[in-house]
Amino acid sequence: MSNNSQAEPFPFQQRCSLIMMLNLLPYEDTHSIDNTMLYLGISMIVVLVLIALSLWIFLTGKVIRPVQALADTMQSVNTKGLDVRAESGGSDEFDYLAHHFNYMLTRIEHLMAANLEKERAIQEAEHKAVLAQINPHFVYNALFAIRMMAIIQGAENIQDIVDALWRMLKNSTARGKADFALKDEIQNVEDYIHILKTTNVHKFNVTYDIDPDLLELDCPKFIIQPVVENAIMHGVLPKQGFSTIKIAASRSGEGIVITVENDGLPISAARLDEVNSGLSQAHKGLGLNSIHQRLQLLYGEGAGLTITSDEESMKTVVEIRYGMKVKE
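So in our numbering, spot 188 of the sequence shown is number 175, and the numbers just go up one at a time.
Right under this line is the structure:
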C-alpha cells in the first residue's frame, strides 16, 4: 500500500460504509438529528446572551454606576459648593477614590477658612493702624511752620530734625502698599536715629552693613525701626557708657535676613525665653510680636523674628527673616 493511502484518516471502504449506513436510516431519524442540532445551537446562543447580560449588569453595578455617581458629585460642586460629599459603597477602588475626593474637598474648605482668617487679621491690623494715626495734615502743617522758622533763624540742626521727622511721618501715614524698597526702610531708621541722637549724642553709634544688591528689593514697612528702638530703649540707654548698634542685611537662600545687634544691657535667660515665646501671642500695639506676626502672615511660618542674648559677651541680636516674594 502506498504512503498516500496510509495517511488517509478513513479508508475508502470505511467512507463508503458510512454513506451506506446513512442511506439506510429513515428520513424521520435524520430530520430529528437536524432539529436536535438546531435546538442545541439556539440554546447555546441563549445561554451566551444571558451570560453577556449578567456580565453587563455586574459591570453596571460595580463600575459604571459608581463612576457616574462620582462624576455627578464632582459636577454638583459647581452648583452646590463644597458641602457635597461622594458616597461610598462600590468596590474598594471606588471607595478609595470617594474617600480622597471627600478629603480634598475638606482640605479646600480648611484652606479657604485659613485664608479668610488671614485676610481678617490683616484688615484688623490695618484698621487699628488707621485708628492710631494722628491727622497727618495738621502734623505736616505744624512741621512746615517749624521748618520755615528754623530756616529764617539759620538753625540748620532744627531743620534737619524736622526734615527727618517729616519723612518718617510721611512713610507711616502713606496708604497703599504694605512694603517699599529696603533702602527706604534703612532711610527711615537713619531718620529715627538722627532725631534720637540730638539728645543722646554721646550714648551710642550705629553702623550699617547692607548688601547693595538688596537695596531695591521690597521690604515690609517698619520692621527694622521698632527693633532698633527696642534695642536703644531696653539695652543701650540703660547701660552706663557707650554702645554700638550694628544693622546688617544679606541673602539667605530664597529669603533675606536682617540683623540688629547691640552691646547694651543683655537680656536674662528667663526673660529671653519669655520674649521669644511671646512673639506668636496676640498683643495690641506695634511691638516685636506685631512684626513677627505680620511677617508670618505675609510670608509663612518660616518668616519672623528670633532673639538671642549672651550675658557674657554683652551682645543681643534680633534676626528678622522674610522671603523675597509674598506668600500666595
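All C-beta atoms in this analysis are idealised placements derived from N, C-alpha and C, irrespective of residue type, glycine included. All figures in this text were calculated on a predicted structure; none of them were measured in a lab.
message = Tell me which residues share the same chain as M31 and place their Cβ nearer than 7 Å to its Cβ, disregarding the 5 neighbours each side in the sequence.
response = Against the sequence shown, residue 31 aligns to sequence position 44. When the five nearest sequence neighbours on each side are left out, no beta carbon in the same chain lies closer than 7 Å to the beta carbon of M31.
inquiry  = With a threshold of 7 Å between beta carbons, is K233 in contact with chain D?
reply    = Among the chains in the structure shown there is no chain D, since it carries only a single protein chain.
request  = Have a look at F81, N187, L285 and flag the residue whose alpha-carbon is nearest the alpha-carbon of C206.
outcome  = For this step, residue 206 is matched to residue 219 along the sequence shown. For C206, the nearest C-alpha among the options comes from L285.
request  = Ignoring anything shorter than 4 residues or poking outside the region 42 to 100, list the alpha helix (DSSP H) runs there in chain order.
outcome  = Positions of the alpha helix (DSSP H) runs, each at least 4 residues long and wholly inside the region 42 to 100, are given as 52 to 67 in order along the chain.
key: Sequence-distant residues of the same chain with beta carbon closer than 8 Å to Q146, five excluded per side   = Along the sequence shown, read from residue 1 onward, the residue named residue 146 stands at position 159. Excluding its 5 nearest sequence neighbours in each direction, Q146 has C-beta neighbours in its own chain below 8 Å: R134, A137, I138, listed in chain order.
request  = Measure from the alpha carbon of E248 to the alpha carbon of each residue in E74, I182, I219, then state which is nearest.
outcome  = The sequence position of residue 248 within the sequence shown is 261, counting from 1. Nearest C-alpha to E248: I219.
ask   = Taking the continuous alpha helix (DSSP H) assigned at K170, which residues delimit it?
value = Looking up residue 170 in the sequence shown gives position 183. Looking at the DSSP string, the run of the alpha helix (DSSP H) that includes K170 is 169 to 183.
message = By the DSSP assignment, the alpha helix (DSSP H) with I278 in it spans what residues?
response = Along the sequence shown, one-based indexing puts residue 278 at 291. For I278, the enclosing alpha helix (DSSP H) covers residues 275 to 286.
inquiry  = In whole angstroms, give me the CA-to-CA distance for E203 and E177.
reply    = Looking up residue 203 in the sequence shown gives position 216. Looking up residue 177 in the sequence shown gives position 190. Cα to Cα, the separation comes out at about 17 Å.
inquiry  = In whole angstroms, give me the CA-to-CA distance for N175 and H97.
reply    = Locating residue 175 in the sequence shown gives position 188, counting from the first residue. Locating residue 97 in the sequence shown gives position 110, counting from the first residue. The straight-line gap from Cα to Cα measures roughly 39 Å.
query = Apart from the five residues just before and just after G274, which ones in its own chain have a Cβ nearer than 8 Å to its Cβ?
reply = Numbered from its first residue, the sequence shown carries residue 274 at position 287. Counting only Cβ-Cβ distances below 8 Å, and skipping sequence neighbours, we find P213, N217.
message = Let me make sure I understand the geometry here. Which of L201, I173, S277 has the alpha-carbon closest to that of T194?
response = Mapped onto the sequence shown, residue 194 falls at position 207. It is I173 whose Cα lies nearest to the Cα of T194.
request  = For the beta strand (DSSP E) containing S230, list its first residue and its last residue.
outcome  = Translated into the one-based positions of the sequence shown, residue 230 becomes position 243. Start and end: 230 to 239.
request  = Check whether the Cβ atoms of I148 and I95 lie closer than 7 Å to each other.
outcome  = If you number the sequence shown from 1, residue 148 lands on position 161. If you number the sequence shown from 1, residue 95 lands on position 108. With contacts defined as CB atoms closer than 7 Å, I148 and I95 fail to qualify as a contacting pair.
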